[in-house]
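Chemist: Pasting a structure below so you can have a look.
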Amino acid sequence: RRMRWVWRGGLDVVHPILGVGIGFRPQWMGDLLLRRAEVDFLEITIEHYLGKAPQKHEELELLRRHFPLIPHGLNLSLGSAEGIDEAHLEKVADLVTRLAPAWWSEHVAWTRSGGREIGHLSPLPWTREALNILERNIRKVRQRIPFPLILENITASWVLLGAEMSEAEFLRHLVEETGCGLLLDITNLYINARNQGFDPRHFLDEIPLKHVVQLHFVGCEEVGGRLHDSHASAMSPPLWQLMDQVLSLAPVCGAILERDERISPLETLLPELHMAREMGKHHRRWN
715 RRMRWVWRGG LDVVHPILGV GIGFRPQWMG DLLLRRAEVD FLEITIEHYL
765 GKAPQKHEEL ELLRRHFPLI PHGLNLSLGS AEGIDEAHLE KVADLVTRLA
815 PAWWSEHVAW TRSGGREIGH LSPLPWTREA LNILERNIRK VRQRIPFPLI
865 LENITASWVL LGAEMSEAEF LRHLVEETGC GLLLDITNLY INARNQGFDP
915 RHFLDEIPLK HVVQLHFVGC EEVGGRLHDS HASAMSPPLW QLMDQVLSLA
965 PVCGAILERD ERISPLETLL PELHMAREMG KHHRRWN
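Position 129 of the sequence shown, counted from 1, bears residue number 843 in this note's numbering, the numbering being contiguous throughout.
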């Protein structure tokens, strides 16, 4: 498997070229094992395997025997001013260390406040104070988990007042000051651009594209004149165009198709994986 070296934050970081995969859902287990050649790697949701029944651990072991696995976290709440929940961090650290992945990912967001879980990913204010909190929490997480961490942009249903910079500037400062890579969610970027009225190309001009390690892609839906990240639809032409632009500019090592609602049989999603794979080949991101 080819490797890509990236000079980041004073460190020479090595990432393997993984190609194109899908976010694992148990409904696809049988088909995935039968069609391994058409799926390069899998992304697993960390929280689906924390303190679960033995069969979930057996499921994970079966997957890792056949695919490279990338753990993706939902609930570390890296943006929480109260800091990282130690008990949750220990569970995440145990799982990630067990899998020893090429990298793992979490969101630039907060999900917990005052010791209470709020149940969804919430955007941060684009301020220096929020940056400092993120950097402090990320430093703690990286001291406990010795595998490369990459950070994902989220959809924002609202933009908090008092911003001192744009989201793209915020992400640029974040990765430059922490040395983390980026998980650029194409769909989240497109939705925010449409709903907030900015040009996604300007966003790409402002973020450090050399830090983009992985992509997420999935379709979105329009309700009441606003786009929503339903994780339930096929990619549309404007999304493919944006993804093509990113692949032409950033040293992407892997891309994951997400599908969380209206889960179709795997064979109906393979054309989207093939499309993304050919797009990456065209830009020489993978073979």
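Where a beta carbon is used, it is the ideal one built from N, C-alpha and C, also for glycine.
So, at 6 Å on beta carbons, what are the nonlocal neighbours of Ile859 in its own chain, with the 5 sequence-adjacent residues on each side left out?
Modeler: Excluding positions up to five away in sequence, the list reads Ala807 and Val810.
Chemist: Does DSSP classify Trp824 as helix, strand or coil?
Modeler: Reduced to three states, the DSSP call for Trp824 is strand.
Chemist: Tell me whether Thr982 is buried or exposed, calling it buried when 16 or more other Cβ atoms sit within 10 Å of its Cβ.
Modeler: Thr982 is exposed by the Cβ-count criterion.
Chemist: Which residues bound the beta strand (DSSP E) around Leu929?
Modeler: Start and end: Val926 to Phe931.
Chemist: Give the single residue among Pro730, Asn867, Arg749 and Val728 whose Cα lies nearest to the Cα of Pro979.
Modeler: When each option's Cα is compared against that of Pro979, the closest is Arg749.
Chemist: In the structure shown, what three-state DSSP assignment does Asp674 receive?
Modeler: As displayed, the chain neither begins before 715 nor continues past 1001, which places residue 674 out of reach and without an answer.
Chemist: Can you tell me which of the three DSSP states Ser962 falls into?
Modeler: If DSSP states are grouped into helix, strand and coil, Ser962 belongs with the helices.
Chemist: Looking at C-alpha atoms only, which residue of Glu936, Lys805, Leu835 and Leu896 is the closest neighbour of Val927?
Modeler: Closest by alpha carbon: Leu896.
Chemist: Among Val855, Glu986 and Ala948, which has the Cα closest to the Cα of Glu820?
Modeler: With distances taken between Cα atoms, Glu820 lies closest to Val855.
Chemist: Looking at the strands, I want to know which residues DSSP matches up with Gly733.
Modeler: In the DSSP output, where bridge partners are listed per residue, Gly733 has Gly968.
Chemist: Between which two residues does the beta strand (DSSP E) carrying Pro673 extend?
Modeler: An answer regarding residue 673 cannot be provided, because it is not within the stretch 715 to 1001 covered by the chain.
Chemist: Pick out whichever of Arg973, Gly994 and His802 has its Cα sitting closest to the Cα of Gln741.
Modeler: Answer by Cα proximity: Arg973.
Chemist: Tell me the rounded alpha-carbon separation between Trp840 and His834.
Modeler: Answer to the nearest angstrom: the Cα atoms are 19 Å apart.
Chemist: Here's the rule: buried if 16 or more other CB atoms are within 10 angstroms of the residue's CB, otherwise exposed. What is Asn846?
Modeler: Flag for Asn846 reads exposed.
Chemist: For Ala814, I'd like the list of residues in its chain whose CB is within less than 8 Å of its CB, leaving aside the five on either flank, ordered along the chain.
Modeler: If we look at Ala814 and ignore the five residues flanking it on each side, its Cβ neighbours are Phe861.
Chemist: Rounded to whole angstroms, what's the CA-CA distance from Leu923 to Leu941? Just pull it up for me.
Modeler: Looking at the two C-alpha atoms, the distance is approximately 25 Å.
Chemist: Have a look at Pro985 and Arg842 and give me their C-alpha separation to the nearest angstrom.
Modeler: Rounded to the nearest angstrom, the two C-alpha atoms are 43 Å apart.
Chemist: Report the residue from Trp824, Arg826, Gly735 and Ile868 whose alpha carbon sits nearest the alpha carbon of Leu903.
Modeler: Measuring from the Cα of Leu903, the nearest candidate turns out to be Ile868.
Chemist: Can you tell me whether Ile900 is buried or exposed, with buried defined as 16 or more other CB within 10 angstroms of its CB?
Modeler: Ile900 should be labelled buried.
Chemist: Do you know how far the Cα of Arg779 is from the Cα of Lys766?
Modeler: Looking at the two C-alpha atoms, the distance is approximately 20 Å.
Chemist: Cys894 to Ile832, Cα distance in whole Å?
Modeler: Cys894 and Ile832: Cα-Cα distance of roughly 26 Å.
Chemist: Whole angstroms are fine: how far does the CA of Met957 sit from the CA of Ile784?
Modeler: Going by the C-alpha atoms only, they are around 20 Å apart.
Chemist: Which residues in the same chain as Ser947 place their Cβ atom closer than 6 Å to its Cβ, once the five residues preceding and following it in sequence are excluded?
Modeler: Within the same chain, Ser947 has close Cβ partners Gly933 and Glu935.
Chemist: Using only alpha-carbon positions, find the residue among Gln910, Met993, Leu875 and Ile977 that is nearest to Leu929.
Modeler: Per the Cα distances, Met993.
Chemist: Any chance you could list the beta strand (DSSP E) runs of at least 3 consecutive residues sitting entirely within the stretch 840-914, in chain order?
Modeler: DSSP runs (the beta strand (DSSP E)) wholly in the stretch 840-914: 863-866 and 895-899.
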